[in-house]
Structures are given as structure tokens and as C-alpha cells.
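Chemist: This is the structure, below, for whatever I ask next.
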Amino acid sequence: METGKMLKVALVTGGGSGMGEATSLRFAREGMAVGVLDINGEAAAAVAGVIRKTGGRAIDLRADVSDKAQVAAAVSRLREELGPITVLVNNAAIEEFGAFNEITEDSWDRLMDVNLKSVYIVTQAVLPDMEAISWGRIINISSYGAQLSAPYMSHYFASKGGVISLTRGLAAELGAKGITVNSISPGFIDTPMSRRAIGEEQFPVAAETIYGAYPIPRLGKPEEIAAACAFLASDDAAYITAQTLGVNGGATV
Ligand code: NAP
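The working numbering numbers the first residue of the sequence shown as 1 and each following residue consecutively.
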């Protein structure tokens with residue numbers, strides 16, 4: 001189905017910062033109405049405010065993506081205020097560093113809940129809207145680390161590997177219903193999350209040494225992830241599903 005003049009309503013989780021913010025702004029420029037969801041309500045409100053000020057349609061939604069009841073309430077509000085949701089970007093996540101032996105059970109559970117279980121929770125809440133019109137786009141943000149790996153982030157990478165597998169499983173189930181499901185695996189992107197990790201000197205070597213070795217030797221920009229999300233959400237990507245698109249400066253070479 002060509003979407004033509006259909007108003008696309010997008011839900012972007014973690015939309016208050018970094019890639020989620022850039023994707024929310026990009027989607028609004030593409031003419032979509034956007035639900036900017038974040039655990040940081042002020043950040044979500046600021047992004048939705050920018051969209052509205054520039055003539056777009058957006059609402060901010062404060063919710064923890066790992067909390068089923070909060071997500072259900074946010075999704076209902078978005079549906080009531082802007083319409084059925086047809087584009088979903090599961091982007092919210094947290095990262096943590098530490099030697100494998102020092103990972104606590106609480107920390108393992110929190111990472112899995114926010115980074116992986118959330119994809120199940122949010123997608124299940126949104127899916128009926130897509131199934132009702134036999135059209136939908138689901139984009140899950142994983143990480144190049146799930147493909148390459150590195151020390152001291154094994155729980156984070158395990159959660160992101162799960163996101164890639166869940167993407168493929170969902171794609172297999174939903175393709176015949178007109179819904180595509182893809183993952184974007186960002187490389188080292190210049191966002192508050194990565195700036196925090198660089199500032200705390202969490203990497204075994206200097207950040208420049210890591211991204212300087214990539215074929216494109218620089219940090220990626222959040223807008224470059226947003227551009228990939230916009231493509232996967234477009235009619236041009238209708239025959240692309242179950243894929244993991246690396247937007248990583250060639251890091252996986
Ligand atoms: P970011 O700047 O930290 O933005 C993530 C947003 O999600 C923040 O506003 C954060 O709020 C929010 N959030 C955290 N936990 C949440 C929860 N439980 N419920 C709802 N919102 C929550 O991160 P980013 O760098 O843009 O990352 C976006 C995605 O790319 C993530 O999935 C990340 O794992 C992935 N990624 C990032 C990089 C990179 O180099 N930056 C590389 C590979 C993959 P708080 O700030 O209050 O926590």
C-alpha cells in the first residue's frame with residue numbers, strides 16, 4: 001500500500017535526547033505527527049514544543065518504557081490526541097560499563113528491562129493500530145556493539161543482541177500483515193549518552209582512537225540515524241524487513 005496523503009503518527013521512545021530527539025524532529029519535518037516519549041518529561045516537552053513552534057504536530061509523553069502500565073497510558077493518550085500509531089521507533093535505552101564479574105543482578109535486570117523488554121512492551125501496545133490498517137513500520141535501535149563487541153559492556157551488548165533477534169522474529173511474523181520491522185545499529189554517535197561515557201573515561205582507550213580507526217574516522221551525528229529512520233519509515237523501504245542497517249562509519253569492516 002502507498003501511504004500517499006495518509007497522516008503518519010509516529011511514536012519515538014527516548015525522544016527527548018540524542019538520536020530520539022533528532023528522529024522526532026526529522027519525522028515532524030517529513031510531515032508526521034509525533035509522540036515524543038521519554039522518562040525525562042521535561043526533555044520530551046522541550047522537543048515536542050520545538051516541533052509545534054515550527055508548525056508541526058507533536059505531544060510529549062512521560063513514561064518509563066519498561067513499565068507496561070505507563071506505556072499503555074502514554075500510547076492511549078497519543079492515539080486519542082493524534083490518531084492511530086503507524087510508525088514506531090524503539091530507541092530508549094540505558095548503558096552501563098563494568099567487568100562481567102561485577103555486574104549485579106539488579107543492574108542486569110534493569111538493562112534487560114529498559115533495553116529489551118521495553119521493545120516487547122511498547123510494540124505490543126502499538127501493534128493493534130498497525131494491524132487494523134495492514135500498514136506499519138517498526139524500527140528498533142540496537143548497537144554496532146552487538147555485532148562487534150568490546151570489553152566491559154557484556155550486559156548492554158547482550159540486551160542489544162536481543163533487540164536484533166527480536167526484530168527478526170517480529171519481521172517474520174508481521175510481514176504478511178503489511179508491517180516491516182528493521183533494526184538500525186548505530187556506531188559511535190555524538191549524543192549525551194556517548195559524551196557522558198567519554199567524560200567518565202569509560203572506554204579502555206581514548207574515544208578518538210576508537211572512532212579514528214573507522215573507515216569514516218569521526219563520531220556519527222544523531223541526524224544521520226534520524227535519516228536512516230526516515231528512510232525505513234518511508235514507502236521507498238516497503239520491501240525491506242528483518243534487516244539490521246549499520247549506520248556506523250564502516251566500524252564493522
Ligand atoms: P541518550 O542521549 O541517552 O537518549 C536516550 C533517551 O532515552 C534519554 O532521554 C533517556 O532519559 C531516555 N530513557 C532512558 N531510559 C528510559 C526509560 N526507561 N524510559 C523512557 N525513556 C528512557 O542516548 P542516545 O545516544 O541517543 O541513544 C539512543 C539509542 O541508540 C539507544 O538505544 C542506545 O543504546 C543506542 N546506541 C547509542 C550509541 C551512541 O554512541 N550514542 C551507539 C550505539 C547504540 P535519561 O537521559 O533521563 O536517562
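For every residue, glycine included, the Cβ atom is placed at its ideal position computed from N, Cα and C. Remember, predicted model here, so these are calculated numbers, not experimental data.
Hey, is Phe188 close to the ligand NAP, as in C-beta under 8 Å from one of its heavy atoms?
Modeler: As a working mapping, residue 188 is identified with position 188 in the sequence shown. Placement of the Cβ of Phe188 at a distance of less than 8 Å from at least one heavy atom of the ligand NAP is found.
Chemist: Does the ligand ADP have even one heavy atom less than 8 Å from the beta-carbon of Lys221?
Modeler: Ligands present in the displayed structure are limited to the ligand NAP, and the ligand ADP is not among them.
Chemist: Scan the region 41-75 and note each continuous alpha helix (DSSP H) run of 4 residues or more that stays entirely inside, going in chain order.
Modeler: Those alpha helix (DSSP H) runs which fall completely within the region 41-75 and span 4+ residues are 41-53.
Chemist: With distance defined between alpha-carbon atoms, name the residue in Ala226, Arg168 and Gly178 nearest to Thr191.
Modeler: Counted from its first residue, the sequence shown places residue 191 at position 191. With distances taken between Cα atoms, Thr191 lies closest to Ala226.
Chemist: Please list the terminal residues of the continuous alpha helix (DSSP H) segment that includes Ala28.
Modeler: For the purposes of this step, residue 28 is identified with residue 28 of the sequence shown, where counting begins at 1. Residues Gly18 to Arg29.
Chemist: Any idea if Ser165 is buried or exposed, counting beta-carbon neighbours within 10 angstroms, 16 or more meaning buried?
Modeler: Residue numbering aside, residue 165 sits at position 165 when the sequence shown is read from its first letter. Flag for Ser165 reads exposed.
Chemist: Apart from the five residues on each side of it in sequence, which residues of its chain come closer than 6 Å, Cβ to Cβ, to His155?
Modeler: For the purposes of this step, residue 155 is taken as residue 155 along the sequence shown, with counting starting at 1. Same-chain partners within the cutoff: Ile103, Trp108 and Leu111.
Chemist: Note down, in chain order, each residue of its chain lying with its Cβ closer than 7 Å to the Cβ of Leu7, except the 5 sequence neighbours on either side.
Modeler: Working through the sequence shown from its first residue, we reach residue 7 at position 7. If we look at Leu7 and ignore the five residues flanking it on each side, its Cβ neighbours are Ala33 and Gly83.
Chemist: Count the CB pairs spanning the region 214-221 and the region 162-176 that are closer than 8 Å, and state whether there are at least three.
Modeler: Between the region 214-221 and the region 162-176 there are fewer than three C-beta pairs closer than 8 Å, too few to call the two in contact.
Chemist: Rank Ser66, Arg62 and Lys160 by C-alpha distance to the C-alpha of Asn140 and give the top, closest one.
Modeler: If you number the sequence shown from 1, residue 140 lands on position 140. It is Lys160 whose Cα lies nearest to the Cα of Asn140.
Chemist: Check whether the Cβ of Lys160 lies closer than 8 Å to any heavy atom of the ligand NAP, and answer yes or no.
Modeler: By 1-based counting over the sequence shown, the position of residue 160 is 160. Result yes, Cβ under 8 Å from the ligand NAP.
Chemist: Determine the closest residue to Ala92 out of Thr54, Asn40 and Ala73, with distance taken between C-alpha atoms.
Modeler: Taking the sequence shown and counting its residues from 1, the one referred to as residue 92 is at position 92. Comparing Cα positions, the closest option is Asn40.
Chemist: Roughly how many whole angstroms lie between the Cα atoms of Gly56 and Gln243?
Modeler: Here residue 56 refers to the residue found at position 56 of the sequence shown. Here residue 243 refers to the residue found at position 243 of the sequence shown. So the two alpha carbons sit approximately 30 Å from each other.
Chemist: Which residue wins for smallest C-alpha separation from Ala125, given the options Gly20, Val75 and Thr3?
Modeler: Numbered from its first residue, the sequence shown carries residue 125 at position 125. Nearest option by C-alpha distance: Val75.
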